[in-house]
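Remarks on the structure that follows.
Protein chains: 2
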Amino acid sequence: MKYSASKENYLKAVFHLQQAQGTVSTNALAAAMQTRAASVTDMLKKLKSQKLLQYERYKGVKLTAEGKRLAIHIVRKHRLWEYFLVDKLGFGWEEVHEMAEELEHISSKKLIDRLEEYLGFPDTDPHGDPIPDNQGRMRVSKAVQLQELPVRTTCIISHVGDQSAEIMELLNHLRLTIGTRLEVKRKFSFDQSLEVMLPDESLITISQHLSSNLFVKPEKNLALSGPES
Amino acid sequence: MKYSASKENYLKAVFHLQQAQGTVSTNALAAAMQTRAASVTDMLKKLKSQKLLQYERYKGVKLTAEGKRLAIHIVRKHRLWEYFLVDKLGFGWEEVHEMAEELEHISSKKLIDRLEEYLGFPDTDPHGDPIPDNQGRMRVSKAVQLQELPVRTTCIISHVGDQSAEIMELLNHLRLTIGTRLEVKRKFSFDQSLEVMLPDESLITISQHLSSNLFVKPEKNLALSGPES
DNA sequence: AAAATTTATTAGGCTTGCTTAAAATAGATT
DNA sequence: AATCTATTTTAAGCAAGCCTAATAAATTTT
Chain A
18 MKYSASKENY
28 LKAVFHLQQA
38 QGTVSTNALA
48 AAMQTRAASV
58 TDMLKKLKSQ
68 KLLQYERYKG
78 VKLTAEGKRL
88 AIHIVRKHRL
98 WEYFLVDKLG
108 FGWEEVHEMA
118 EELEHISSKK
128 LIDRLEEYLG
138 FPDTDPHGDP
148 IPDNQGRMRV
158 SKAVQLQELP
168 VRTTCIISHV
178 GDQSAEIMEL
188 LNHLRLTIGT
198 RLEVKRKFSF
208 DQSLEVMLPD
218 ESLITISQHL
228 SSNLFVKPEK
238 NLALSGPES
Chain B
18 MKYSASKENY
28 LKAVFHLQQA
38 QGTVSTNALA
48 AAMQTRAASV
58 TDMLKKLKSQ
68 KLLQYERYKG
78 VKLTAEGKRL
88 AIHIVRKHRL
98 WEYFLVDKLG
108 FGWEEVHEMA
118 EELEHISSKK
128 LIDRLEEYLG
138 FPDTDPHGDP
148 IPDNQGRMRV
158 SKAVQLQELP
168 VRTTCIISHV
178 GDQSAEIMEL
188 LNHLRLTIGT
198 RLEVKRKFSF
208 DQSLEVMLPD
218 ESLITISQHL
228 SSNLFVKPEK
238 NLALSGPES
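Going line by line, the protein sequences match chains A and B.
Just so you know, we're using my numbering here: the first sequence kicks off at 18 and counts up by one.
Just so you know, we're using my numbering here: the second sequence kicks off at 18 and counts up by one.
Below is the structure:
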């Protein structure tokens with residue numbers, strides 16, 4: 018069965034929102050889809066009648082197994098195309114999101130499987146997000162928010178929560194990319210900002226807003242190993 | 018300015034039809050678009066109001082300069098994606114048309130220019146049709162219909178007029194591909210069929226219907242050079 | 001040239017995905 | 001518990017792109 022680009026976008030948005038929230042509200046969806054709550058209610062009824070999600074008036078929404086399967090497949094397409102654009106066509110990781118928003122709706126399953134093979138079965142997209150395999154299995158990322166790390170921890174940036182051009186502009190300016198190694202030096206309780214050290218030993222300050230969007234893999238801290246093994 | 022996939026498809030269809038016919042009738046368009054004449058009339062009014070084509074009721078239709086520019090750009094995208102699918106992803110030339118019908122509507126101009134570069138600025142798509150450059154210039158093919166060649170001429174298949182799966186099935190069966198060298202051995206006036214010789218010296222018969230869809234580049238006949246140099 | 005036929009257009013209606021404005025429900029406040 | 005407020009739904013309507021049926025114009029036949 019084929020679904021419209023609009024329906025696919027709703028499924029994808031519910032999928033992403035329910036990662037965080039469990040069940041998704043009409044207003045949250047309207048914000049994510051840049052549309053009005055009334056439009057969302059309309060669409061939820063249609064998607065419910067197609068058994069792609071569970072929906073009770075005034076009670077929010079959750080994907081069914083089938084809805085989730087479809088959503089993951091769209092995420093897979095999005096991330097594989099992003100990888101293609103960066104790795105093969107030489108785009109910057111900050112400029113590929115919009116193009117991938119269109120390419121993710123290309124329907125051929127065979128095409129996306131061949132593309133994955135051509136790209137060498139990459140694990141993650143250029144933003145560090147995991148790429149689901151053709152069975153919908155996604156390697157779970159053990160990344161945590163930079164915000165949550167204690168002082169003196171070393172870590173590596175593994176992905177970026179927000180995908181906006183604005184955050185990309187800031188990250189480029191600070192010379193932060195996927196794979197950059199950081200050490201948390203200080204935390205300021207006043208505004209929850211962090212001071213971190215880059216590989217070249219320079220120090221920069223990161224706002225709470227930014228650090229909550231930076232996901233990192235903690236690195237075993239060689240300098241001081243804690244009490245646990 | 019961005020146009021819907023449907024509008025782009027109409028422009029492309031008018032472009033292809035007016036190559037042959039000069040001015041295009043409503044019914045011809047309806048057949049090409051697999052829709053009804055009434056729907057075509059509706060759409061022609063919209064495209065006219067956007068100055069993409071010249072249209073007078075009951076008098077058929079022609080693209081304006083701007084409409085033609087857009088149509089060529091869509092053809093460019095279609096053919097570059099086809100080339101990508103065959104050359105990079107390893108699809109057969111007979112299976113890529115449908116996928117390219119979707120991919121041709123991806124809007125980013127930068128993407129298609131980068132893709133062209135990545136592919137090495139190919140001249141023709143896998144069907145032998147010329148790929149317009151990013152200024153819309155198309156290398157004019159000097160190909161003629163196989164049908165029109167005189168007996169004893171040698172030629173090379175350069176492209177295929179029809180893009181259907183049916184013609185592909187037949188060509189695969191006869192082992193005819195772009196680049197195959199042929200010599201016209203006999204012409205039968207009864208049904209306009211041809212007997213041609215393949216590189217392995219085998220002889221096959223080609224119907225008028227097929228030979229009018231096979232475009233060839235005449236090769237200078239080395240065996241017997243005619244009176245003209 | 002009138003009649004018959006083909007071709008094209010108009011009229012009215014459907015679905016999808018969106019909108020605004022009004023009404024209903026849920027959740028919070030007193 | 002009653003009221004207020006925020007959230008959500010319903011109602012009505014619009015544009016795009018399609019449909020069928022009816023009508024009009026052009027073309028062919030007689």
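Backbone N, C-alpha and C fix where the C-beta goes; we use that ideal spot for every residue, glycine too.
- Distances from the CA of Met214/A to each of Glu112/A, Glu133/A, Leu199/A, Glu121/A were compared; the closest alpha carbon is that of Leu199/A.
- Under the three-state reduction of DSSP, Val168/B is assigned to coil, being neither helix nor strand.
- Chain-ordered listing is empty here: chain A has no CB closer than 7 Å to the CB of Lys94/B, the nearest sitting near 12 Å.
- In this structure, Met155/A sits near Ile89/A, with a CB-CB distance shorter than 8 Å.
- DSSP places Met155/B in the coil class of the three-state scheme, outside both helix and strand.
- The beta carbons of Ser206/A and Ser224/A sit no closer together than 8 Å.
- Of the residues Glu212/B, Ala82/B, Arg203/B, the one whose Cα lies closest to the Cα of Leu191/B is Glu212/B.
- Residue pairing from DSSP leaves Met185/A without any beta-bridge partner.
- Between the region 126–137 of chain A and the region 156–166 of chain A, the count of Cβ pairs shorter than 8 Å is below three; the stretches do not touch.
- For Arg198/B, the enclosing beta strand (DSSP E) has its first and last residue at 198–205.
- Secondary structure of Glu212/B (DSSP, three-state): strand.
- Contact between the region 49–69 of chain B and the region 20–33 of chain B is established, with three or more Cβ pairs separated by less than 8 Å.
- With fewer than 16 other Cβ atoms inside 10 Å of its own Cβ, Gln38/A counts as exposed.
- With respect to the C-alpha of Arg131/A, the residue from Gly77/A, Lys85/A, Val161/A, Leu97/A having the closest C-alpha is Leu97/A.
- At a cut-off of 8 Å between beta carbons, Leu80/A makes no contact with chain B.
- When secondary structure is reduced to three states using DSSP, His144/B falls in the coil class, being assigned neither helix nor strand.
- For Met116/B, the C-beta contacts it makes with chain A under 9 Å involve Ile123, Ser124, Ser125, Lys127, Leu128, in order along the chain.
- The beta-bridge partner set that DSSP reports for His176/B consists of Phe232/B.
- Burial is judged here by how many other beta carbons sit within 10 angstroms of a residue's own beta carbon; Glu186/A has fewer than 16 and is exposed.
- Taking the C-beta atoms as reference points, Gly196/B is found nearer than 8 Å to Ile173/B.
- If the five residues before and after Ala47/B are omitted, its C-beta is found closer than 8 Å to the C-beta atoms of Arg53, Ala54, Ser56, Val57, all from its own chain and listed in chain order.
- Listed as beta-bridge partners of Lys63/B by DSSP are no residues whatsoever.
- Leu120/B belongs to the set of residues whose beta carbon lies under 8 Å from a beta carbon in chain A.
- Cβ contact annotation for Val41/B (same chain, cutoff 6 Å, sequence separation greater than five): Val31, Leu34, Gln35, Gly77, Val78, in chain order.
- No Cβ of chain A is located within less than 8 Å of the beta carbon of Gly137/B.
- Residues of chain A with a Cβ closer than 7 Å to the Cβ of Lys105/B are, in chain order, Tyr135.
- Non-local beta-carbon contacts of Asp104/B in its own chain, meaning distances under 7 Å to residues more than five positions away in sequence, involve Leu136 in chain order.
- Pairing Gly145/A with His176/A gives a Cβ-Cβ distance under 8 Å.
- Any Cβ of chain B closer than 8 Å to the Cβ of Leu87/A would place that residue at the interface, and such an atom is absent.
- For Leu97/B, no CB of chain A lies under 8 Å from its own CB, so it is not counted at the interface with that chain.
- With a cutoff of 8 Å on beta-carbon distance, Asn230/B and Asp150/B are scored as not near each other.
- Put simply, the backbone Cα of Lys234/A is about 33 Å away from that of Leu70/A.
- It is roughly 38 Å from the alpha-carbon of Glu218/B to the alpha-carbon of Glu118/B.
- The alpha-carbon of Leu106/A is positioned some 10 Å away from that of Val113/A.
- Among the residues facing chain A, Arg154/B is not included, as its CB has no counterpart in that chain under 8 Å away.
- DSSP places Lys94/A outside any beta strand (DSSP E); the residue lies instead in the alpha helix (DSSP H), whose first and last residues are 82–104.
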